[in-house]
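Only one structure is covered here, and it is reproduced in the block below.
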């Protein structure tokens, strides 16, 4: 494991400043306090996490130490910090929040009772370390709320390039991050934490996989992105008539040389350490996205891998420098909206109480 970069505090400060500039730009343009990344939501779901019984000791760790059920919130998104039409096709994100989770809290999260996981629809992060991640972010930040038509044209070109790569068995996380994400249905995607975290006495990455027939029917399904909110419409159409079931799976690091913490671009070998199921996540038929849900989740909730318990501490320099950035971004949103961020259930009765 590499020693922390002596410039890590300065990197964290600079990342906070870059992300706040993104939020400030969208605030000035819209007077709506948006997330500096993953600003646009495509699905907002109430769900239930069921931790499975009979897990072996190495998997029965932290949140998953005992069988149980937890209310959950699911927020599907795409990566930009501005609200772009879906024709600008970027990686899909999924933020998970599990409520009323017991355990010793991470610093800065002492007053909360949740465990958050932030996931993306690919196993590989697009930068190896904090310095490289910050460099790429600084290149994209000045384009916030600018050149929308150019972004759409570039996205179409990059999707063609990515499609050609995938036709010969390759893919590029970098191309996808710049707008080359294939236009697939978001509910057919498998999501990954990409970055490692503690898993009790172990180090792990997590994966969320659709498993029921309704969700599996959307795997690799192409969505027509002509409509600005095509992904949101697709999620709403699905959950209007059926629910969804996913499995939450864990991949343990068995060798820190081959499955490192500090190089985020290394995909851990599943032949050496496969993903193993520890829980089931179920969402019933419901309104897949609405303005009321957006007010509760997009405007009044914050997600961070640092909202959680010590048994699932985020690891690596990218995770560490993002802690301050998440806090600054959420403080900005709360200040501008005049409403503190807080965790809450999305169950229908809880929504009724909040109106």
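Residue numbers (the working numbering): 16 to 370.
For each residue, glycine too, the CB sits at the ideal point set by N, CA and C.
Owing to the predicted nature of the structure, the values given are computational and were not obtained by experimental measurement.
Reduced DSSP secondary structure (H/G/I, E/B, other) of residue i
i           : result
residue 297 : strand
residue 41  : helix
residue 118 : coil
residue 23  : helix
residue 133 : strand
residue 62  : strand
residue 152 : helix
residue 92  : strand
residue 362 : coil
residue 228 : helix
residue 48  : coil
residue 222 : strand
residue 199 : strand
residue 80  : coil
residue 262 : strand
residue 357 : coil
residue 107 : strand
residue 213 : strand
residue 86  : strand
residue 328 : coil
residue 140 : coil
residue 56  : strand
residue 102 : coil
residue 338 : helix
residue 350 : helix
residue 234 : coil
residue 146 : helix
Proximity of residue i and residue j at Cβ, strictly below 8 Å
i           : j           : result
residue 327 : residue 127 : no
residue 221 : residue 276 : no
residue 230 : residue 145 : no
residue 60  : residue 254 : yes
residue 41  : residue 35  : no
residue 358 : residue 78  : no
residue 100 : residue 207 : no
residue 239 : residue 199 : no
residue 196 : residue 106 : yes
residue 23  : residue 336 : yes
residue 312 : residue 90  : yes
residue 304 : residue 247 : yes
residue 209 : residue 140 : yes
residue 124 : residue 344 : no
residue 325 : residue 121 : yes
residue 92  : residue 153 : no
residue 87  : residue 296 : yes
residue 76  : residue 214 : yes
residue 320 : residue 132 : yes
residue 47  : residue 94  : no
Exposure label - residue i; buried when at least 16 CB within 10 Å
i           : result
residue 338 : buried
residue 256 : exposed
residue 269 : exposed
residue 64  : buried
residue 31  : buried
residue 354 : exposed
residue 249 : buried
residue 57  : buried
residue 45  : exposed
residue 81  : exposed
residue 284 : exposed
residue 216 : exposed
residue 259 : buried
residue 286 : exposed
residue 361 : buried
residue 119 : exposed
residue 21  : exposed
residue 350 : exposed
residue 204 : buried
Cβ distance (whole Å) where residue i is taken to contact residue j below 8 Å
i           : j           : result
residue 274 : residue 251 : That pair is no contact at about 38 Å.
residue 108 : residue 135 : 5 Å
residue 202 : residue 225 : 7 Å
residue 298 : residue 142 : No, residue 298 and residue 142 are not in contact; Cβ-Cβ is about 32 Å, not under 8 Å.
residue 67  : residue 293 : 6 Å
residue 219 : residue 267 : 5 Å
residue 282 : residue 156 : Actually they do not touch by this definition, with Cβ atoms about 27 Å apart.
Distance cut-off 7 Å: residue i Cβ against heavy atoms of the ligand COA
i           : result
residue 291 : With respect to the ligand COA, the structure offers nothing, as it holds no ligand at all.
Open item on the list: I'd like the ranges of any alpha helix (DSSP H) spanning at least 4 consecutive residues and lying wholly in the region 264-326.
Closed with: Listed in chain order, they are 306-312.
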